[in-house]
Amino acid sequence: MASASRTPDLLAAGAGVAAAVLGAGAGELTAAVVAPAASPFAVIGGGIIDIAPPWGKDLAISLFGTNDKAALLTGIAILLLAVAAAAGVLERRRPPWGRVILGGLGVVGVIVSMTRADADVLSPAPSFVAAAVAVIVGALLIARLRRPEAAPEAVGPTRRNVLVLSGAAVVVGALAALGSAAVRGGAQAASAVRSALRLPAPAITTAVPATAELGIDGLAPVITPSADFYRIDTALVVPQIDPATWSLRIHGLVEEEVVLTWDDLVALPQRETVATLVCVSNEVGGDLIGTARWLGVPIRDLLARAKPTADADMVLSHSIDGFTASTPLEALTDERDALLAIGMNGEPLPIAHGFPVRMVVPGLYGYVSATKWVTELEVTRYAVAEGYWTSRGWSARGPVKLASRIDVPRAGARVAAGPTVIAGVAWQTHVGVSGVEVQIDDPVPRDVRHRRDPDAAARRPRPRRRDRLGRTDAHRRVRREEPPHTVGALA
Numbered sequence: 012m013a014s015a016s017r018t019p020d021l022l023a024a025g026a027g028v029a030a031a032v033l034g035a036g037a038g039e040l041t042a043a044v045v046a047p048a049a050s051p052f053a054v055i056g057g058g059i060i061d062i063a064p065p066w067g068k069d070l071a072i073s074l075f076g077t078n079d080k081a082a083l084l085t086g087i088a089i090l091l092l093a094v095a096a097a098a099g100v101l102e103r104r105r106p107p108w109g110r111v112i113l114g115g116l117g118v119v120g121v122i123v124s125m126t127r128a129d130a131d132v133l134s135p136a137p138s139f140v141a142a143a144v145a146v147i148v149g150a151l152l153i154a155r156l157r158r159p160e161a162a163p164e165a166v167g168p169t170r171r172n173v174l175v176l177s178g179a180a181v182v183v184g185a186l187a188a189l190g191s192a193a194v195r196g197g198a199q200a201a202s203a204v205r206s207a208l209r210l211p212a213p214a215i216t217t218a219v220p221a222t223a224e225l226g227i228d229g230l231a232p233v234i235t236p237s238a239d240f241y242r243i244d245t246a247l248v249v250p251q252i253d254p255a256t257w258s259l260r261i262h263g264l265v266e267e268e269v270v271l272t273w274d275d276l277v278a279l280p281q282r283e284t285v286a287t288l289v290c291v292s293n294e295v296g297g298d299l300i301g302t303a304r305w306l307g308v309p310i311r312d313l314l315a316r317a318k319p320t321a322d323a324d325m326v327l328s329h330s331i332d333g334f335t336a337s338t339p340l341e342a343l344t345d346e347r348d349a350l351l352a353i354g355m356n357g358e359p360l361p362i363a364h365g366f367p368v369r370m371v372v373p374g375l376y377g378y379v380s381a382t383k384w385v386t387e388l389e390v391t392r393y394a395v396a397e398g399y400w401t402s403r404g405w406s407a408r409g410p411v412k413l414a415s416r417i418d419v420p421r422a423g424a425r426v427a428a429g430p431t432v433i434a435g436v437a438w439q440t441h442v443g444v445s446g447v448e449v450q451i452d453d454p455v456p457r458d459v460r461h462r463r464d465p466d467a468a469a470r471r472p473r474p475r476r477r478d479r480l481g482r483t484d485a486h487r488r489v490r491r492e493e494p495p496h497t498v499g500a501l502a
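Everything in the sequence shown is counted per the working numbering, starting at 12 for the first residue and increasing by one.
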């Protein structure tokens with residue numbers, strides 16, 4: 012008897028899940044056709060990222076690394092299915108509250124979609140369609156479970172019908188989701204445009220010494236392949252931008268506002284530089300770091316056109332997806348190679364890494380400098396504006412800490428007795444590392460052969476004492492643990 016009494020609730024839960032899957036598929040397909048950036052999953056996920064506390068972001072990266080976005084979307088899907096199952100049971104027992112819950116999920120999606128930085132008049136449509144389909148299908152399926160109460164002999168066939176229809180709804184919803192992916196793939200003209208682009212030749216290049224690669228198995232290469240370069244950002248849906256429609260506006264505390272198109276940018280003298288980027292959430296020994304050849308125009312040259320006023324001290328860069336980063340003005344106007352980059356490792360920027368244009372600023376963590384899909388440089392002051400992460404309590408200026416990592420042998424590896432190769436990397440972007448020493452059991456640290464920073468020759472020497480890891484007097488080791496998101500990890 013107890014098992015029989017639970018059967019209608021199980022069928023109602025399944026019907027709620029089926030309605031949600033069909034609704035989600037319909038919403039994703041609608042988004043692919045009319046508003047790709049307003050995918051229901053993307054807008055809800057983006058909203059969660061926006062309200063997540065810093066510790067939540069760090070936890071996600073520490074657990075999932077560069078798969079944090081996939082983990083977030085998976086978590087949203089699991090939560091949605093659980094709520095939909097509960098809504099199905101509630102709709103059977105206490106109608107219309109199940110429909111209210113399913114509709115409420117859609118209303119949340121509609122509201123969040125309208126608050127996104129890239130919202131337009133069609134942005135609410137995908138979430139509205141998803142909610143409407145889920146409410147209607149859920150109501151129709153669960154209504155069939157209530158009818159047999161007046162006709163007991165019809166219970167078996169009716170329940171089988173609900174089971175079959177629920178299964179069909181799940182299949183159709185999954186096909187709609189797959190169809191949305193196919194439509195997006197066919198509509199991503201940015202990929203085709205990128206493939207056809209030919210980058211201009213650089214007027215200035217940076218040479219990597221032939222001896223830089225040490226040929227040690229397990230040691231990270233000097234230049235990180237683009238496909239292996241870490242990706243950390245807030246975009247659940249990667250912006251698709253046609254260079255023909257892209258423009259950059261430099262405004263704010265400037266004497267002259269400047270607007271550049273793609274053609275304007277590529278016509279300027281290009282500089283190729285080798286620069287290392289590192290995420291502030293990179294923990295000791297972590298892999299959220301990469302070095303690439305970047306091609307672009309020095310940002311200082313563009314700011315010189317705009318002529319920042321004397322009271323400006325910060326540039327707030329804006330991405331097309333709403334992300335902002337607050338960069339010290341001096342970091343964009345000094346002699347470091349801060350670039351408005353269009354190329355990476357000899358090719359146009361990968362779409363996921365900012366195509367067509369992004370910022371690259373050596374010496375600063377990405378959250379205050381590495382804006383992808385950049386469309387605005389707003390010259391302003393720290394006293395009046397904040398970036399996306401600094402408004403959430405992160406360090407305002409974000410200078411990269413001197414750090415090192417042992418690649419060989421890897422942590423936990425078994426090392427045979429006898430001579431052993433120890434290899435790794437050390438970095439202090441924009442400053443450079445003059446030397447590295449390794450200490451194992453000996454009381455005296457040993458100098459190690461190191462490959463030279465290819466950008467070091469372009470900088471004036473800084474005659475300071477170094478400590479055992481190459482830190483200068485101005486960069487001594489912090490004698491306490493710090494969460495990486497506040498100031499970056501030391502190693």
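Glycine included, every Cβ here is placed at the ideal spot set by N, Cα and C.
Give the straight-line distance between the Cα atoms of residue i and residue j, rounded to the nearest whole angstrom.
i      : j      : result
Leu84  : Gly56  : 7 Å
Ala48  : Ser445 : 46 Å
Val175 : Ala96  : 17 Å
His486 : Gly443 : In this predicted model, His486 has a pLDDT of only 43, less than 50, meaning its place in the structure is not dependable; the value taken from the coordinates is given anyway. Roughly 12 Å between the two C-alpha positions.
Pro107 : Gly115 : 12 Å
Leu288 : Pro65  : 20 Å
Ala29  : Ala180 : 6 Å
Gly374 : Pro232 : 20 Å
Trp305 : Asp228 : 26 Å
Arg408 : Trp384 : 21 Å
Ile89  : Thr272 : 43 Å
Pro472 : Gln439 : Confidence at Pro472 is low in this model, with a pLDDT of 30, below 50, so its placement is unreliable and the value that follows should be read with caution. Cα-Cα distance, rounded: 14 Å.
Thr338 : Gly404 : 15 Å
Thr245 : Gln251 : 15 Å
Trp400 : Ile62  : 11 Å
Arg17  : Ile153 : 15 Å
Gly86  : Ile72  : 14 Å
Val183 : Phe52  : 18 Å
Arg316 : His329 : 19 Å
Leu351 : Leu264 : 20 Å
Leu247 : Lys80  : 6 Å
Val204 : Asp274 : 14 Å
Ile353 : Gly307 : 5 Å
Pro465 : Ile215 : In this prediction, Pro465 has a pLDDT of 47, which is less than 50 and means its spatial position is unreliable; what the coordinates show is noted afterwards. One C-alpha to the other measures close to 14 Å.
Glu397 : Ile362 : 26 Å
Asn293 : Val379 : 15 Å
Pro4   : Leu225 : Absent from the model: residue 4. The displayed extent of the chain is 12 to 502, so no value can be given.
Ile122 : Ser134 : 10 Å
Val419 : Glu448 : 15 Å
Val372 : Gly109 : 51 Å
Of all the options the options, which has the alpha carbon lying nearest to the alpha carbon of residue i?
i      : options                        : result
Leu343 : Ala203, Lys318, Ile362         : Lys318
Ile310 : Gly58, Gln281, Ile362          : Gln281
Leu156 : Ser138, Leu133, Arg103         : Arg103
Gln450 : Leu92, Ala24, Ile433, Val173   : Ile433
Ser258 : Val269, Pro250, Val248         : Val269
Ala188 : Ser50, Val121, Gly76           : Ser50
Gly99  : Asp79, Pro220, Ser177          : Ser177
Ala93  : Arg110, Gly58, Ala37, Gly27    : Gly27
Asp253 : Val372, Pro367, Ile353, Val54  : Pro367
Ala24  : Val219, Leu314, Leu113         : Leu113
Gly341 : Asp332, Asp312, Thr217, Gly333 : The identity of residue 341 in the sequence shown is Glu, whereas the question assumes Gly. Nearest C-alpha to Glu341: Asp312.
Thr169 : Glu397, Pro19, Tyr376          : Pro19
Pro213 : Thr235, Thr256, Leu279, Gly333 : Leu279
Ala303 : Ala255, Gly423, Asn356, Thr77  : Asn356
Would you kindly report the start and end of the unbroken beta strand (DSSP E) that includes residue i?
i      : result
Leu350 : 350-355
Val291 : No beta strand (DSSP E) holds Val291; DSSP gives it neither H nor E.
Leu271 : 269-272
Val385 : 385-391
Val395 : Segment: none, Val395 is in no beta strand (DSSP E) and carries neither H nor E.
Val371 : 369-371
Check for me: the alpha helix (DSSP H) holding residue i runs from which residue to which?
i     : result
Ile72 : 65-75
Gly56 : 51-62
Quick one: complete alpha helix (DSSP H) runs, 4+ long, within the stretch 190-261? 200-207
Check whether the stretch 240-253 and the stretch 298-316 are in contact - that is, three or more C-beta pairs closer than 8 Å. yes
What residue ranges within the stretch 404-459 form continuous beta strand (DSSP E) runs of no fewer than 3 residues, ordered along the chain? 414-419, 434-438
Kindly confirm or deny that the stretch 26-42 and the stretch 139-149 touch, where touching means at least three C-beta pairs closer than 8 Å. yes
Mind listing, in chain order, the continuous alpha helix (DSSP H) runs of no fewer than 4 residues lying wholly within the stretch 81-168? 108-126, 136-157
If we require 3 or more residues per run, which beta strand (DSSP E) segments fall completely within the stretch 303-344? 325-330, 335-339
May I ask you to verify whether the stretch 410-427 touches the stretch 345-365, counting CB pairs closer than 8 Å and requiring at least 3? no
Between the stretch 388-407 and the stretch 322-331, do at least 3 Cβ pairs fall closer than 8 Å? yes
Does the stretch 124-140 come within contact of the stretch 39-47, defined as at least 3 CB pairs closer than 8 Å? yes
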